[in-house]
Amino acid sequence: MSTATATDRTEGPQQQSLLSRTSHFLTLPAVGPLLALLLACVYFTVRTDRFLTGANLSLIVQQVMVVGALAVGQTLVILTAGIDLSNGAVMALGSIFMTKLAVSSGVPGILAILIGIAVCTAFGALNGALVTMAKLPPFIVTLGTWNIAFALTHVYSKDQTVTGLPKSLTFLGETFPMYNTDVTYGSVLMLLLFAAAWYVLRQTGAGRHVYAVGDNREAARLTGIPDRRLLLTVYTVAGAIYGIAALLLVGRTSVGDPQAGQTDNLDSITAVVLGGISLFGGRGSIVGALCGALIVGVIRNGLQLTGVPSIYQVLITGILVIVAVSVDQLARRKGRA
0 MSTATATDRT
10 EGPQQQSLLS
20 RTSHFLTLPA
30 VGPLLALLLA
40 CVYFTVRTDR
50 FLTGANLSLI
60 VQQVMVVGAL
70 AVGQTLVILT
80 AGIDLSNGAV
90 MALGSIFMTK
100 LAVSSGVPGI
110 LAILIGIAVC
120 TAFGALNGAL
130 VTMAKLPPFI
140 VTLGTWNIAF
150 ALTHVYSKDQ
160 TVTGLPKSLT
170 FLGETFPMYN
180 TDVTYGSVLM
190 LLLFAAAWYV
200 LRQTGAGRHV
210 YAVGDNREAA
220 RLTGIPDRRL
230 LLTVYTVAGA
240 IYGIAALLLV
250 GRTSVGDPQA
260 GQTDNLDSIT
270 AVVLGGISLF
280 GGRGSIVGAL
290 CGALIVGVIR
300 NGLQLTGVPS
310 IYQVLITGIL
320 VIVAVSVDQL
330 ARRKGRA
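For what it's worth, numbering that gives the first Met the number 0 labels the leading residue of the sequence shown as 0, then goes sequentially.
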């Protein structure tokens with residue numbers, strides 16, 4: 000009798016500890032999007048034997064690498080309770096600068112890349128300056144700079160696609176073998192961007208300040224966090240990331256296309272929202288944003304493999320966005336209660 004009692008006492012705390020760890024794991028921001036991604040993969044694996052192959056999975060990552068890179072910058076902005084509608088147009092402008100300088104002006108490829116990234120960084124700094132110094136709403140600021148970047152792209156390119164690019168601009172679209180599957184260098188770079196963003200947000204004081212400003216900017220300011228400088232830095236870094244996305248775009252398409260990026264701003268926001276990052280700022284995980292981008296890629300790829308018309312891909316994505324935002328709202332209300 001005493002032995003059984005002692006065993007029960009030992010198992011009780013162990014079971015409680017296991018339940019506590021499980022409960023904590025399920026509340027992590029990235030768990031929901033990760034489970035949704037796994038469920039989508041399982042569903043399409045059952046529906047078609049062409050889905051779960053190395054070549055197809057590599058293709059999905061290639062298809063989302065540009066939007067994924069944009070989602071990294073978008074995540075940083077949204078975590079501060081902002082939003083960036085200009086990122087797709089800024090990326091397109093950067094890609095046109097890179098390609099046109101290299102092809103038409105004879106600028107060395109590496110220098111052309113740096114100038115393109117610098118142009119995108121300048122737009123990010125402009126967004127940050129208008130938000131912090133002029134105290135304009137991020138939605139209005141980035142809507143305005145979206146139009147500016149869009150117009151400059153078409154003016155500078157004269158609506159002509161730039162072809163005949165040097166290898167230094169297209170190398171990210173090249174592949175290398177990995178477990179009998181061809182993987183693009185651009186896909187690896189996108190994953191490295193997410194890894195770097197995760198480290199900064201989770202392991203550094205600056206990352207914690209981003210969350211603090213997004214959660215309550217006034218309270219963060221009162222604790223000594225330089226909120227204006229932080230916001231300016233976030234928008235500037237986001238701009239630089241859009242420049243890297245421009246290079247990924249060029250590597251994937253092998254041309255400078257002035258029509259590119261017109262809906263990528265909405266796609267990046269979709270990835271962030273599906274990744275469980277709150278549009279109100281201060282909550283979410285960069286890993287969730289990666290899962291969100293992959294969810295969109297998996298759904299579009301899987302529906303295409305199963306013969307579903309492309310318009311239904313857009314419909315399902317829209318429904319998922321509404322569901323994700325609704326879940327976020329319910330979570331916020333529950334937290335306040």
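No residue lacks a Cβ here, since even glycine has one placed at the ideal position from N, Cα and C.
By the Cβ neighbour-count rule, Val-322 is exposed, with fewer than 16 other Cβ atoms within 10 Å of its own. The three-state reading of DSSP puts Phe-170 in helix, counting H, G and I together. When the Cα atoms are used, Lys-99 and Gln-62 turn out to be separated by approximately 24 Å. Between the C-alpha atoms of Ile-224 and Gly-280 there is a straight-line separation of about 16 Å.
Annotation: Asp-158 to Pro-257 spans about 6 Å, alpha carbon to alpha carbon. Judged by DSSP secondary structure, Asp-226 falls within the alpha helix (DSSP H) whose first and last residues are 226-252. Its Cα nearest to that of Asp-214, the residue Leu-78 stands out among Ala-244, Met-132, Leu-78. Within the same chain, and ignoring the five residues on either side of Ala-292 in sequence, the residues whose Cβ sits closer than 7 Å to its Cβ are Val-63, Val-66, Gly-67, Ala-70, Ala-270.
By the CB criterion at 8 Å, Met-97 and Val-249 fall inside the cutoff.
With contacts defined as CB atoms closer than 8 Å, Gly-301 and Phe-43 qualify as a contacting pair. Residue environment analysis places Asn-179 among the exposed positions, since fewer than 16 neighbouring C-beta atoms fall within 10 angstroms of its C-beta. Under the 10 Å beta carbon count, Met-189 is surrounded by 16 or more other beta carbons and is classified as buried. Secondary structure of Thr-222 (DSSP, three-state): coil.
Pairwise C-beta distances place the segment 46-57 out of contact with the segment 192-206, as fewer than three of them are shorter than 8 Å. Ranked by Cα distance from Val-254, the options Ile-147, Gly-287, Ala-128, Phe-170 are led by Phe-170. DSSP, reduced to helix, strand and coil, places Phe-50 outside both helices and strands of the structure shown, so it counts as coil. Ser-277 counts as buried, since at least 16 other C-beta atoms from the protein chains shown sit within 10 angstroms of its C-beta. Sixteen is the threshold: since fewer than 16 other Cβ atoms of the shown chains lie within 10 Å of the Cβ of Phe-138, the residue is exposed.
By alpha-carbon distance to Thr-174, the top candidate from Ile-310, Val-324, Ala-91, Ser-186 is Ser-186. DSSP links Asp-83 through a beta bridge to no other residue. Runs of alpha helix (DSSP H) with 4 or more residues, each lying fully within the segment 84-123, are found at 86-103, listed in chain order. By the Cβ-count criterion, Val-272 is buried, with 16 or more other Cβ atoms from all chains shown falling within 10 Å of its own Cβ. Rounded to the nearest whole angstrom, the CA to CA distance from Ile-109 to Ala-80 is 35 Å.
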